[in-house]
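Visitor:
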Amino acid sequence: MIRYERVVARYPRAPQPAVDDVTFSAPRRSVTAVVGPNGSGKSTLVRLLLRTLPIVSGTLLVDGVPIGAMDRREVARRVAVVPQREENVFPLPVRDYVALGRYPHESGWRAGGAGTADEAAIERAIILASVAPLAHRSTAELSGGEWQRVRIARALAQGAHALVLDEPTTFLDIAHEMAMFELFAALAHEGQAVLVVSHQLNLVARFADQLVLVHRGRLVAAGTPADVMRAPTLEQVYEWPLVITRDPAAGVPSLLPLRRGPRFP
Numbered sequence: 000m001i002r003y004e005r006v007v008a009r010y011p012r013a014p015q016p017a018v019d020d021v022t023f024s025a026p027r028r029s030v031t032a033v034v035g036p037n038g039s040g041k042s043t044l045v046r047l048l049l050r051t052l053p054i055v056s057g058t059l060l061v062d063g064v065p066i067g068a069m070d071r072r073e074v075a076r077r078v079a080v081v082p083q084r085e086e087n088v089f090p091l092p093v094r095d096y097v098a099l100g101r102y103p104h105e106s107g108w109r110a111g112g113a114g115t116a117d118e119a120a121i122e123r124a125i126i127l128a129s130v131a132p133l134a135h136r137s138t139a140e141l142s143g144g145e146w147q148r149v150r151i152a153r154a155l156a157q158g159a160h161a162l163v164l165d166e167p168t169t170f171l172d173i174a175h176e177m178a179m180f181e182l183f184a185a186l187a188h189e190g191q192a193v194l195v196v197s198h199q200l201n202l203v204a205r206f207a208d209q210l211v212l213v214h215r216g217r218l219v220a221a222g223t224p225a226d227v228m229r230a231p232t233l234e235q236v237y238e239w240p241l242v243i244t245r246d247p248a249a250g251v252p253s254l255l256p257l258r259r260g261p262r263f264p
């Protein structure tokens, strides 16, 4: 389980905290989705897990252990993270790139090749992320959507208890968006904690057990999609007129933004 307890974080020279007194949990066997407008602090919550930004106050726990009490390798054994942006600076064969997910478990297999458990984890990740046809291509040859799925495969190869993904459907078409979220839901059902940061409210409402709505660094609402996706709350947060309807296929709330009409100076 991942838990943020009254967490405060601030970027250097920023006048206000990027995350301000935020408390919520992402338990195992559950898909938790963090949603909110641009600049609301969603990606900052992920950076705190990666420890690229320090926590000013509060506590971030993984399986009940403060993240600051673990070294980076131990954190990586427990939590696999797919950040929002990652440059493909050093091209590798796709399979070799996915194999990097086994690094936290490394004991010496790099010198003599991957062990049986590593090979099995790599193959499973490649299959789950639907990148088997890409396995022998270079990462430099991939489209944006293919690169995104390969990054997810690398995270799956880590075999961590928790999977954290920041905007995982960027560049993906409709079929691959749905396939990835079906995968996340299946992983949660198997016992993983899945924490997804997304701006696609209607998509996450179909799959998330819990939504966490943040705005200007603060927690606005948390609960089921039906609890959080209420028109008065979302209109205030997103500063745009909208209505909440019901998804006829999934029976969950669905957001429909309204047109304001053109405005000229």
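Take 0 as the starting number for the sequence shown in numbering that gives the first Met the number 0 and just add one per residue.
Idealized CB from N, CA, C, for every residue including glycine.
Quick caveat: nothing in here was measured; it's all calculated off a predicted structure.
Just mark residue 218 as buried or exposed, buried being the case when its beta carbon has 16 or more other beta carbons within 10 Å.
Guide: So residue 218 ends up on the buried side.
Visitor: Which residues in the same chain as residue 225 place their Cβ atom closer than 8 Å to its Cβ, once the five residues preceding and following it in sequence are excluded?
Guide: Contacts found: 251, 252.
Visitor: Please name the residue in 212, 39, 177, 233 whose C-alpha comes closest to that of residue 167.
Guide: Considering only alpha carbons, the answer is 177.
Visitor: Taking residue 2 as the reference, give the member of 25, 9, 119 with the closest Cα.
Guide: Residue 25 is the option with its Cα nearest to residue 2.
Visitor: Hey, which unbroken runs of the alpha helix (DSSP H) at 4 residues or more fall wholly within the stretch 89–154?
Guide: Those alpha helix (DSSP H) runs which fall completely within the stretch 89–154 and span 4+ residues are 93–98, 108–111, 115–127.
Visitor: Less than 6 Å between C-beta atoms, sequence neighbours within five positions excluded: which residues of the same chain meet that for residue 31?
Guide: Cβ within range, chain order: 25, 194, 209.
Visitor: Tell me, please, whether the stretch 31–40 touches the stretch 185–200 by the rule of three or more beta-carbon pairs shorter than 8 Å.
Guide: As far as the Cβ criterion goes, the stretch 31–40 touches the stretch 185–200, which means the pair count is three or higher.
Visitor: Is the number of C-beta pairs between the stretch 120–132 and the stretch 143–157 that are closer than 8 Å three or more?
Guide: At 8 Å Cβ cutoff, the stretches touch.
Visitor: Excluding the 5 residues flanking residue 107 on each side, which residues of the same chain have their C-beta closer than 6 Å to its C-beta?
Guide: Because residue 107 carries a pLDDT of 48, less than 50, the predicted location of this residue cannot be relied on, and the following value inherits that uncertainty. Cβ neighbours of residue 107 beyond the five flanking positions: none.
Visitor: My guess is that residue 206 and residue 184 are in contact by the Cβ rule of under 8 Å, so how many angstroms apart are they, rounded?
Guide: About 5 Å separates the two Cβ atoms, so the contact holds.
Visitor: Just checking my contact of residue 190 with residue 19 at CB under 8 Å: how many whole Å lie between their CB atoms?
Guide: In fact, because the Cβ distance is near 32 Å, the residues do not count as touching under 8 Å.
Visitor: Alpha carbon to alpha carbon, what distance is there between residue 120 and residue 101?
Guide: Each residue's Cα considered, the two are about 8 Å apart.
Visitor: Apply the 10 Å Cβ neighbour rule to residue 257 and answer buried if 16 or more other Cβ atoms are within range, or exposed otherwise.
Guide: Exposed, because fewer than 16 other Cβ atoms sit within 10 Å of the Cβ of residue 257.
Visitor: Could you name the residues of the same chain whose beta carbon sits closer than 6 Å to that of residue 10, not counting the 5 residues immediately before and after it, in chain order?
Guide: Closer than 6 Å at the Cβ level, and outside the excluded window around residue 10, lie 17.
Visitor: Can you tell which of 138, 43, 64, 57 has the C-alpha that lies nearest to the C-alpha of residue 89?
Guide: The shortest Cα separation from residue 89 among 138, 43, 64, 57 belongs to 138.
Visitor: Between residue 231 and the rest of its own chain, which residues show a CB-CB distance below 7 Å, the 5 nearest in sequence each way excluded?
Guide: So the list is empty, once near-sequence residues are dropped.
Visitor: Keeping to the same chain, check which residues put their C-beta closer than 8 Å to that of residue 110; ignore five residues upstream and five downstream.
Guide: Caution is warranted here: a pLDDT of 47 is assigned to residue 110, below 50, making its placement in the model unreliable, and the coordinate value is therefore given only provisionally. So no residue of the chain qualifies.
Visitor: Can you tell me whether residue 246 is helix, strand or coil according to DSSP?
Guide: It is coil, neither helix nor strand.
Visitor: Output needed for residue 261: all residues of its chain with C-beta closer than 6 Å, excluding positions within five of it in sequence on either side, in chain order.
Guide: None.
Visitor: Three-state secondary structure (DSSP) at residue 4?
Guide: DSSP places residue 4 in strand when its eight states are reduced to three.
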